[in-house]
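Residues in the sequence shown are numbered from 1063 upward in steps of one, following the working numbering.
The C-beta atom is built at its ideal place from N, Cα and C for all residues, glycine as well.
Structure, as structure tokens:
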Amino acid sequence: MNRNIVSTRCWRVIPLPPLGPERSLAAVLLQDTQGELGMLLWRTLRAVHAWATTAPADRSLVFPPDARDRRMADLLSAAPDPALERPLLVLSELLDGSSRIDGERVALACLCVAGWARGAGKPATADEFTYAAALVCPGNPAHALAAARASRDRGEVEEAEAMYHRAVGLARQVHDWDSYVRAHAGLGKLAQARGRYPSARRALLRALRNAERHHRRGLRAMVLHDLFTVARESGMGEAEGYAQAAAETYGAGHASLAALAGDVAILWMDQGRFAEAATVLRWMLPHLSGEARMVALGNSARAAGGAGDYEGFRRAFDEVLAAPEGMPRRLDALNAAVLGAVGVGVLDLAEAGARSVLAGAEQRGQHGTVAQMEGLLAEVEGLRRTATRCPVQAARTDGEGSPLLRTLERVLAPAGAGA
1063 MNRNIVSTRC
1073 WRVIPLPPLG
1083 PERSLAAVLL
1093 QDTQGELGML
1103 LWRTLRAVHA
1113 WATTAPADRS
1123 LVFPPDARDR
1133 RMADLLSAAP
1143 DPALERPLLV
1153 LSELLDGSSR
1163 IDGERVALAC
1173 LCVAGWARGA
1183 GKPATADEFT
1193 YAAALVCPGN
1203 PAHALAAARA
1213 SRDRGEVEEA
1223 EAMYHRAVGL
1233 ARQVHDWDSY
1243 VRAHAGLGKL
1253 AQARGRYPSA
1263 RRALLRALRN
1273 AERHHRRGLR
1283 AMVLHDLFTV
1293 ARESGMGEAE
1303 GYAQAAAETY
1313 GAGHASLAAL
1323 AGDVAILWMD
1333 QGRFAEAATV
1343 LRWMLPHLSG
1353 EARMVALGNS
1363 ARAAGGAGDY
1373 EGFRRAFDEV
1383 LAAPEGMPRR
1393 LDALNAAVLG
1403 AVGVGVLDLA
1413 EAGARSVLAG
1423 AEQRGQHGTV
1433 AQMEGLLAEV
1443 EGLRRTATRC
1453 PVQAARTDGE
1463 GSPLLRTLER
1473 VLAPAGAGA
């Protein structure tokens, strides 16, 4: 067999979701941004749509001869900041009938606008320009993948699924194995979010096989981490095995280790293994900040309380309480912390914390949290009447830790997390 022959097999690629009336009108851009800048972005996106949906031979006929001059006047009037002005100048070339601008350059400019919009807190604008990049450069799997993520994040599940499948086909055609693995992983996470765990597992295992086949170590670790979360949520017995493989593949010092360790701690708390969870969370805390630290503090209070460690519980609980009320994730952290208060038997703190979480959850319409806190308050009242407390797990010595705990210690300690 001649190994120099290049395969010409065609892989099925599903078409782009149609450019429906709502997307074609692009009215969401005017909701995101008011005034002249909003009109400039709206006109630019409409021009991109028109250019992308017109046959290349006819594009010189789409816009009137003075269209680019008028767009330049709009740019001068709107005075966008330089990070936005540069890609808008590129996109203005579409209006010049003599321009020979190619799709990749247009797509890159669209993604630059999307990046600016994301940083400016304009998610709808970011999503629409991300989709536009996939529209103007339909053969690029990376653009299809970015559009799939944008659709997923705004809750357009069917469109996201279609774009992920499109990314799979395109990536297979051009041998873009990074996009191929990421697209299958995206399908897995989409299925996981819908509670379809067998489908999620199949998609993630396909992603894992291809990450291993094409020697993508970083992607392999990411997919193993995703498989762990699916196994944890669905009650599969393989969860710790996936977590251990992910930790070993990430390696010491990897940025994603803290997230993995936090996920493992939640698994162990759900299993009643509070001492192990508390140990891992203690390693993590010195190296976290912001929202990540707030969530870890809440879980630390829960774990320490469940393990009967009053001092550890109070340190974490008090730091959560001391955080400003409007701090992101404070309510989530307090939700976890009140479970620790019940575990360690500090019922007054448990009741006060639960009532605070209940009030916040009612205000936000978080019905699941409301039901959880109402149940916890009833539990506290029952414990008061019987003058009992929840049983706690006996603390383990370091030597009794699980293999996964020892692995996490080994990969976390070089960054100082085990200190």
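Quick check on the burial criterion: 16 or more other C-beta atoms within 10 angstroms. Buried or exposed for residue i?
| i | result |
| --- | --- |
| residue 1485 | Examination of residue 1485 is not possible in this model, given that the chain is present from 1063 through 1481 alone. |
| residue 1455 | With a pLDDT of only 47 at residue 1455, under the threshold of 50, the placement of this residue in the model should not be trusted; the figure read from the coordinates follows. Buried: at least 16 other Cβ atoms inside 10 Å. |
| residue 1389 | exposed |
| residue 1367 | buried |
| residue 1144 | exposed |
| residue 1248 | buried |
| residue 1095 | buried |
| residue 1254 | buried |
| residue 1070 | Residue placement at residue 1070 is flagged as unreliable, the pLDDT there being 44, under the threshold of 50; a coordinate-derived value is accordingly withheld. |
| residue 1241 | buried |
| residue 1277 | exposed |
| residue 1429 | exposed |
| residue 1306 | buried |
| residue 1119 | exposed |
| residue 1438 | buried |
Where do the N-terminal and C-terminal ends of the alpha helix (DSSP H) with residue i fall, by residue?
| i | result |
| --- | --- |
| residue 1185 | 1185-1198 |
| residue 1380 | 1372-1384 |
| residue 1154 | 1144-1154 |
| residue 1389 | Looking at the DSSP string, residue 1389 is not in any alpha helix (DSSP H), and its letter there is neither H nor E. |
| residue 1116 | Counting along the chain, residue 1116 falls outside any alpha helix (DSSP H), and DSSP gives it neither H nor E. |
| residue 1092 | 1089-1094 |
| residue 1243 | 1239-1255 |
| residue 1203 | 1203-1215 |
| residue 1470 | 1465-1474 |
| residue 1136 | 1129-1140 |
| residue 1182 | Taken as a continuous stretch (DSSP letters only), residue 1182 belongs to no alpha helix (DSSP H), as it is neither H nor E. |
| residue 1261 | 1259-1275 |
| residue 1224 | 1219-1236 |
Taking Cβ to Cβ, would you say residue i is nearer than 8 angstroms to residue j?
| i | j | result |
| --- | --- | --- |
| residue 1228 | residue 1342 | no |
| residue 1191 | residue 1210 | no |
| residue 1133 | residue 1154 | yes |
| residue 1365 | residue 1320 | no |
| residue 1482 | residue 1322 | What is shown of the chain runs 1063 to 1481, which leaves residue 1482 out entirely. |
| residue 1246 | residue 1269 | yes |
| residue 1419 | residue 1397 | yes |
| residue 1198 | residue 1113 | yes |
| residue 1282 | residue 1274 | yes |
| residue 1110 | residue 1196 | no |
| residue 1304 | residue 1293 | yes |
| residue 1115 | residue 1081 | yes |
| residue 1313 | residue 1473 | yes |
| residue 1405 | residue 1382 | no |
| residue 1186 | residue 1091 | yes |
| residue 1311 | residue 1279 | yes |
| residue 1339 | residue 1331 | yes |
| residue 1226 | residue 1266 | no |
| residue 1236 | residue 1466 | no |
| residue 1125 | residue 1165 | no |
| residue 1147 | residue 1137 | yes |
Near residue i, what residues of its chain come up, given a Cβ to Cβ distance below 6 angstroms and the 5 sequence neighbours on each side ignored?
| i | result |
| --- | --- |
| residue 1079 | 1221, 1224 |
| residue 1400 | 1412, 1415, 1416 |
| residue 1203 | 1229, 1232, 1233, 1238, 1241 |
| residue 1458 | Confidence at residue 1458 is low in this model, with a pLDDT of 44, below 50, so its placement is unreliable and no value can be given for it. |
| residue 1176 | 1188, 1191, 1192 |
| residue 1168 | 1198 |
Can you tell me whether residue i sits near the ligand GTP, meaning its C-beta is under 7 angstroms from at least one heavy atom of the ligand?
| i | result |
| --- | --- |
| residue 1087 | In the structure shown, the ligand GTP is absent, as is every other ligand, since no ligand is present at all. |
Give me, in chain order, the residues of the same chain whose beta-carbon lies closer than 8 angstroms to that of residue i; leave out the 5 immediate sequence neighbours on both sides.
| i | result |
| --- | --- |
| residue 1142 | 1099, 1102, 1150 |
| residue 1403 | 1363, 1367, 1375, 1379, 1409, 1411, 1412, 1415 |
| residue 1067 | Caution applies to residue 1067, whose pLDDT of 39 falls short of 50 and renders its modelled position unreliable; the value that the coordinates give is listed next. Around residue 1067: no qualifying Cβ. |
| residue 1256 | 1219 |
| residue 1333 | none |
| residue 1356 | 1382, 1385, 1389, 1390, 1391, 1392, 1394, 1395 |
| residue 1301 | 1290, 1293, 1294, 1329 |
| residue 1163 | 1152, 1155, 1156 |
Less than 7 angstroms between C-beta atoms, sequence neighbours within five positions excluded: which residues of the same chain meet that for residue i?
| i | result |
| --- | --- |
| residue 1460 | Low local confidence applies: a pLDDT of 41 at residue 1460 is under 50, so the model's placement there is unreliable, with the coordinate-based value given in what follows. Excluding sequence neighbours, residue 1460 sits near nothing in its chain. |
| residue 1108 | 1088 |
| residue 1189 | 1212, 1216 |
| residue 1468 | none |
| residue 1358 | 1324, 1343, 1346, 1347, 1350 |
| residue 1184 | 1094, 1095 |
Alpha helix (DSSP H) segments (min. 4 residues) lying fully within the stretch 1279-1367
Taking only runs of at least 4 residues, the alpha helix (DSSP H) segments lying wholly in the stretch 1279-1367 are 1279-1296, 1301-1312, 1319-1332, 1336-1346.
Alpha helix (DSSP H) segments (min. 4 residues) lying fully within the stretch 1391-1456:
1392-1406, 1409-1426, 1429-1448
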